[in-house]
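Everything below concerns the one structure shown next.
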Amino acid sequence: MSGATSSADLDEAPARTIYLNQPQQSKFRDNWVSTAKYSVVTFLPRFLYEQIRKAANAFFLFIALLQQIPDVSPTGRYTTLVPLLFILTVAGIKEIIEDYVSMTMGKAVLKTMCSKKTTILLRNGMWQNIMWKEVAVGDIVKVTNGQHLPADMIIVSSSEPQAMCYIETANLDGETNLKIRQGLSQTASLQSREELMKVSGRIECEGPNRHLYDFTGNLRLDGQSPVPVGPDQILLRGAQLRNTQWVLGIVVYTGHDTKLMQNSTKAPLKRSNVEKVTNVQILVLFCILLVMALVSSVGALLWNRSHGEVVWYLEMLSVNFGYNLLTFIILYNNLIPISLLVTLEVVKFTQALFINWDTDMYYPETDTPAMARTSNLNEELGQVKYLFSDKTGTLTCNIMNFKKCSIAGVTYGHFPELERERSSEDFSQLPPSTSESCEFDDPRLLQNIENDHPTAVHIQEFLTLLAVCHTVVPERQGNKIIYQASSPDEGALVKGAKKLGYVFTGRTPHSVIIDAVSIWMCFSYIRKKHYFFLFILQATRASLTQHCTNLGDSLGKENDIALIIDGHTLKYALSFEVRQSFLDLALSCKAVICCRVSPLQKSEIVDMVKKHVNAITLAIGDGANDVGMIQTAHVGVGISGNEGMQATNCSDYAIAQFSYLEKLLLVHGAWSYNRVTKCILYCFYKNVVLYIIELWFAFVNGFSGQILFERWCIGLYNVIFTALPPFTLGIFERSCTQDSMLRFPQLYKITQNADGFNTRVFWGHCINALIHSIILFWFPLKVLEHVVFFLFSLQYVVVTVCLKAGLETTAWTRFSHLAVWGSMLLWLVFFGVYSAIWPTFPVAPDMLGQAGMVLRCGYFWFGLFLVPTACLVKDVAWTAAKHTYRKTLLEQVQELEMKTGELGKAMLRDSNGKSVNERDHLLKRLGRKTPPSLFRAHSVQQSVSHGYAFSQEEHGVVSQSQVVRSYDTTKRRAEIE
Numbered sequence: 000m001s002g003a004t005s006s007a008d009l010d011e012a013p014a015r016t017i018y019l020n021q022p023q024q025s026k027f028r029d030n031w032v033s034t035a036k037y038s039v040v041t042f043l044p045r046f047l048y049e050q051i052r053k054a055a056n057a058f059f060l061f062i063a064l065l066q067q068i069p070d071v072s073p074t075g076r077y078t079t080l081v082p083l084l085f086i087l088t089v090a091g092i093k094e095i096i097e098d099y100v101s102m103t104m105g106k107a108v109l110k111t112m113c114s115k116k117t118t119i120l121l122r123n124g125m126w127q128n129i130m131w132k133e134v135a136v137g138d139i140v141k142v143t144n145g146q147h148l149p150a151d152m153i154i155v156s157s158s159e160p161q162a163m164c165y166i167e168t169a170n171l172d173g174e175t176n177l178k179i180r181q182g183l184s185q186t187a188s189l190q191s192r193e194e195l196m197k198v199s200g201r202i203e204c205e206g207p208n209r210h211l212y213d214f215t216g217n218l219r220l221d222g223q224s225p226v227p228v229g230p231d232q233i234l235l236r237g238a239q240l241r242n243t244q245w246v247l248g249i250v251v252y253t254g255h256d257t258k259l260m261q262n263s264t265k266a267p268l269k270r271s272n273v274e275k276v277t278n279v280q281i282l283v284l285f286c287i288l289l290v291m292a293l294v295s296s297v298g299a300l301l302w303n304r305s306h307g308e309v310v311w312y313l314e315m316l317s318v319n320f321g322y323n324l325l326t327f328i329i330l331y332n333n334l335i336p337i338s339l340l341v342t343l344e345v346v347k348f349t350q351a352l353f354i355n356w357d358t359d360m361y362y363p364e365t366d367t368p369a370m371a372r373t374s375n376l377n378e379e380l381g382q383v384k385y386l387f388s389d390k391t392g393t394l395t396c397n398i399m400n401f402k403k404c405s406i407a408g409v410t411y412g413h414f415p416e417l418e419r420e421r422s423s424e425d426f427s428q429l430p431p432s433t434s435e436s437c438e439f440d441d442p443r444l445l446q447n448i449e450n451d452h453p454t455a456v457h458i459q460e461f462l463t464l465l466a467v468c469h470t471v472v473p474e475r476q477g478n479k480i481i482y483q484a485s486s487p488d489e490g491a492l493v494k495g496a497k498k499l500g501y502v503f504t505g506r507t508p509h510s511v512i513i514d515a516v517s518i519w520m521c522f523s524y525i526r527k528k529h530y531f532f533l534f535i536l537q538a539t540r541a542s543l544t545q546h547c548t549n550l551g552d553s554l555g556k557e558n559d560i561a562l563i564i565d566g567h568t569l570k571y572a573l574s575f576e577v578r579q580s581f582l583d584l585a586l587s588c589k590a591v592i593c594c595r596v597s598p599l600q601k602s603e604i605v606d607m608v609k610k611h612v613n614a615i616t617l618a619i620g621d622g623a624n625d626v627g628m629i630q631t632a633h634v635g636v637g638i639s640g641n642e643g644m645q646a647t648n649c650s651d652y653a654i655a656q657f658s659y660l661e662k663l664l665l666v667h668g669a670w671s672y673n674r675v676t677k678c679i680l681y682c683f684y685k686n687v688v689l690y691i692i693e694l695w696f697a698f699v700n701g702f703s704g705q706i707l708f709e710r711w712c713i714g715l716y717n718v719i720f721t722a723l724p725p726f727t728l729g730i731f732e733r734s735c736t737q738d739s740m741l742r743f744p745q746l747y748k749i750t751q752n753a754d755g756f757n758t759r760v761f762w763g764h765c766i767n768a769l770i771h772s773i774i775l776f777w778f779p780l781k782v783l784e785h786v787v788f789f790l791f792s793l794q795y796v797v798v799t800v801c802l803k804a805g806l807e808t809t810a811w812t813r814f815s816h817l818a819v820w821g822s823m824l825l826w827l828v829f830f831g832v833y834s835a836i837w838p839t840f841p842v843a844p845d846m847l848g849q850a851g852m853v854l855r856c857g858y859f860w861f862g863l864f865l866v867p868t869a870c871l872v873k874d875v876a877w878t879a880a881k882h883t884y885r886k887t888l889l890e891q892v893q894e895l896e897m898k899t900g901e902l903g904k905a906m907l908r909d910s911n912g913k914s915v916n917e918r919d920h921l922l923k924r925l926g927r928k929t930p931p932s933l934f935r936a937h938s939v940q941q942s943v944s945h946g947y948a949f950s951q952e953e954h955g956v957v958s959q960s961q962v963v964r965s966y967d968t969t970k971r972r973a974e975i976e
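According to numbering that gives the first Met the number 0, the sequence shown is numbered sequentially starting from 0.
This is the structure:
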């Protein structure tokens with residue numbers, strides 16, 4: 000832990016007393032847990048809260064309530080409420096599907112962890128097999144080798160000497176090395192059913208809390224003195240019993256009281272930066288809408304005072320200023336597009352499917368595809384500036400192979416292909432590691448021994464030390480020796496010695512046995528201390544200040560330096576007094592490496608950058624100890640690795656290899672950002688174009704609150720006539736091909752810096768829409784001056800906004816053509832049918848015969864060419880000028896794609912004259928990790944290895960020398976009881 004105590008830690012549950020073999024006098028939580036984001040009870044309030052946080056939803060809920068006031072709404076009472084309910088229903092179904100998928104994955108993990116969720120406990124004087132959820136506080140539970148612990152419990156006894164047992168805590172803290180726990184000597188002899196039934200007394204312990212490495216309690220057996228119980232006697236739910244035949248324990252915490260669940264946090268409600276920016280712009284638009292409504296209401300008041308006596312035909316004209324204000328708010332409400340919400344839901348869900356279906360991010364060895372666990376953050380992947388990565392299991396495989404060695408100044412194991420720098424393609428083509436963890440292939444070493452080389456004695460001594468100095472224990476399966484090692488490096492060295500003829504065969508409490516080149520040798524233990532020196536960077540206030548001073552003007556700018564800090568020093572660096580100095584220094588470095596840090600410290604570092612730097616952060620890891628930073632970062636990516644599935648289940652996106660992050664960000668992230676932002680901008684554009692026309696119409700209708708277009712034509716404008724272009728922009732649009740995005744990673748800076756969606760770009764589109772609305776209303780009215788102008792206007796609007804979608808499209812597909820040309824054709828067909836359905840259907844009698852009159856009018860066809868052209872000629876000219884005089888890297892790449900498919904022959908340079916054809920140095924070094932199927936099973940949990948293994952836990956309850964001397968591998972072990 001970081002050493003810092005939060006205020007939440009002080010508000011812990013009260014201490015509890017647990018009675019042995021007696022009814023409990025207090026009620027404790029049951030052992031049932033849920034991994035779902037929602038429950039039946041919490042779904043509706045939590046979902047509605049998440050949806051109402053979106054400014055657009057809150058706005059349309061307000062409009063729907065206003066429309067229920069009688070004689071206020073010019074568009075009816077349900078024209079907003081029904082679409083809003085539809086949108087919320089679609090969003091709710093999407094949330095349920097995503098939560099169900101996450102819950103299914105969580106159940107898969109629990110099913111593997113729980114061995115079908117059953118355990119053995121002593122109840123009513125008999126050993127019974129029961130479900131996990133039936134385990135209660137005070138039960139005596141028996142867990143066998145390879146099983147996961149169903150609850151937090153205190154060790155009573157075990158199959159090992161001195162009530163010792165070994166556990167793996169990968170699901171708790173991400174560490175795969177085994178840890179030793181030991182029961183009390185007072186209970187170590189309690190092993191039979193009869194002895195356990197006679198136990199009487201009580202356990203007094205602290206209440207449930209999140210401290211994984213702390214526990215305080217007392218065991219009070221009747222007739223005996225109280226005995227303190229500490230963290231070395233506690234086994235936590237989620238840990239796995241390893242290399243121990245069985246262990247008996249007394250349950251102290253169950254369900255959500257267990258330390259595993261206490262450390263679990265509910266998935267945060269993350270929102271993308273694009274959504275936050277959009278919310279702000281919606282609020283500004285709402286203020287503009289209020290100004291428009293206020294101006295129109297004042298106009299109505301003034302017009303009524305001057306013309307009220309002569310407008311006898313306006314019988315329903317209201318003279319109430321407040322009612323008029325509400326009427327105009329409702330009239331202009333679609334200035335904010337209600338269709339945007341459901342459009343984005345569908346677009347983002349489809350983008351998530353593209354990520355899931357990407358075969359380039361599919362890992363065949365474990366049959367693991369990429370998975371978007373949420374679709375709300377797709378565009379956030381295109382804006383990441385700070386990447387926080389775990390190392391072991393994420394950047395590395397945590398698999399060791401013995402390849403080279405240097406003995407007496409002579410290097411053995413020569414690999415010519417390693418003389419050049421390897422690219423990611425080279426790493427992807429490497430053969431998988433073998434189960435022997437040894438790729439050493441140099442005959443000179445053994446030849447030097449046989450030929451009595453001057454270094455032969457040194458070689459023999461070197462190989463002997465490899466075979467002897469370790470804590471590995473051999474286990475025989477027939478004629479095969481299986482080495483059980485607590486760390487992969489120890490196993491690799493012992494297996495390397497074995498391949499070179501020095502075979503480690505056995506261990507006794509007093510000796511180590513090896514078979515060295517057909518010579519049997521036995522070495523006695525020598526009491527020799529091993530000293531390890533740990534160099535700690537003293538990151539005090541003075542040193543941090545000195546480092547910042549040395550940087551001078553370069554402080555706060557990225558420099559080609561790296562900062563290395565360990566967890567102990569980081570505890571002080573993150574304190575309030577020096578936190579800002581540490582942050583300034585870290586942001587001035589190209590890379591920051593934090594060594595041996597706790598899960599909480601990982602989360603604190605991410606949170607510090609997230610809160611103090613205006614940039615998008617991404618955290619990636621594969622272990623349970625990475626969950627905190629994954630959930631804290633703007634975007635969390637989990638890797639399905641050897642350290643369980645906790646990180647994957649808590650992540651926003653899951654991949655099987657770190658190298659897949661490249662395409663996830665540079666391709667899917669950039670594409671999603673471009674698609675979502677273009678979809679948003681276009682939706683606002685087409686609505687501003689149409690509904691600002693209603694404002695212009697108010698100036699010629701006496702501010703009466705009347706609508707220019709027929710009611711159902713307005714209602715179907717977003718639903719049918721202009722529905723397809725936003726979908727095609729949001730789903731199929733792309734600025735460049737994926738090959739170009741990967742070849743020129745500098746293109747990522749465009750989305751990273753939000754060049755395509757910011758306040759300036761948003762209002763640029765709105766102002767452009769305002770200009771188009773002026774042309775679409777006033778130009779036909781003043782130039783054509785024809786009686787049927789109002790019948791022409793909506794046709795011109797539909798054609799103009801559809802052609803505008805075509806101008807925004809970079810990658811034309813069959814769907815793009817269908818959206819642009821098909822939408823215009825659909826409007827004409829609808830217009831023709833809708834003008835002829837009355838009186839067959841009692842709808843729109845005022846539309847009868849209008850299609851025939853309009854389509855036969857020459858003014859209409861003349862205006863159909865002239866008005867959209869007048870609107871879009873400015874857009875075309877502006878785009879052409881930019882491409883001619885201010886050509887960006889993106890436009891250079893697009894031109895190259897148009898001219899040739901062989902981008903490898905092209906040479907592009909950035910503003911500094913540097914070639915951009917090469918990948919970034921880090922990406923160039925990036926390699927795929929290809930662990931063998933032996934280490935990566937198809938199940939969601941790491942396969943259990945049976946046998947011996949020793950813990951590398953520092954300052955453990957039992958020392959390494961005691962552990963080594965507790966076993967004799969020459970004797971057969973007892974079978975499981």
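Glycine included, every Cβ here is placed at the ideal spot set by N, Cα and C.
Endpoints, beta strand (DSSP E) assigned at residue i
| i | result |
| --- | --- |
| A590 | 588-594 |
| S157 | 151-157 |
Euclidean distance between Cα positions of residue i and residue j
| i | j | result |
| --- | --- | --- |
| F840 | L715 | 18 angstroms |
| A135 | D441 | 59 angstroms |
| N20 | E193 | 12 angstroms |
| Q737 | E896 | 11 angstroms |
| N144 | F439 | 34 angstroms |
| L284 | I335 | 7 angstroms |
| L120 | Q190 | 13 angstroms |
| A12 | K402 | 53 angstroms |
| Q705 | W777 | 18 angstroms |
| A14 | N208 | 10 angstroms |
Best match in the options for proximity to residue i [C-alpha to C-alpha]
| i | options | result |
| --- | --- | --- |
| R674 | T750, G229, S199 | T750 |
| A491 | G408, T504, Q476, L465 | L465 |
| T16 | E203, Y165, I92, V471 | E203 |
| P73 | A238, R813, L330 | L330 |
| E449 | L499, K494, D29 | L499 |
Same chain, Cβ closer than 6 angstroms to residue i, neighbours up to 5 away in sequence not counted
| i | result |
| --- | --- |
| C594 | D565 |
| N332 | I62 |
| A948 | For A948, the pLDDT reaches just 45, beneath the cut-off of 50, and the residue's location in the model is therefore unreliable, although a value from the coordinates is still provided. Excluding positions up to five away in sequence, the list reads L177, N242, Q483, S485. |
| V226 | L183, Q185, L218 |
| Y361 | P368 |
Closer than 7 angstroms: residue i CB and nearest the ligand ZN heavy atom
| i | result |
| --- | --- |
| V472 | Absent from the structure shown: the ligand ZN. Ligands present: none. |
7 angstroms Cβ shell around residue i - same chain, five flanking residues per side excluded
| i | result |
| --- | --- |
| Q428 | Confidence is the limiting factor: at Q428 the pLDDT is only 44, short of 50, which leaves the residue's position unreliable, though a coordinate-based value still follows. There are no such residues. |
Boundaries of the alpha helix (DSSP H) in which residue i is found, first to last residue
| i | result |
| --- | --- |
| T215 | It is not in any alpha helix (DSSP H) - T215 carries neither H nor E in the DSSP assignment. |
| V819 | 813-833 |
Under 8 angstroms between C-beta atoms of residue i and residue j
| i | j | result |
| --- | --- | --- |
| A655 | T365 | yes |
| L288 | I86 | no |
| A646 | I629 | yes |
| V626 | T721 | no |
8 angstroms CB neighbourhood of residue i in its chain, flanking five on each side removed
| i | result |
| --- | --- |
| L282 | A54 |
| V502 | A466, I480, A496, I513, D514, A515 |
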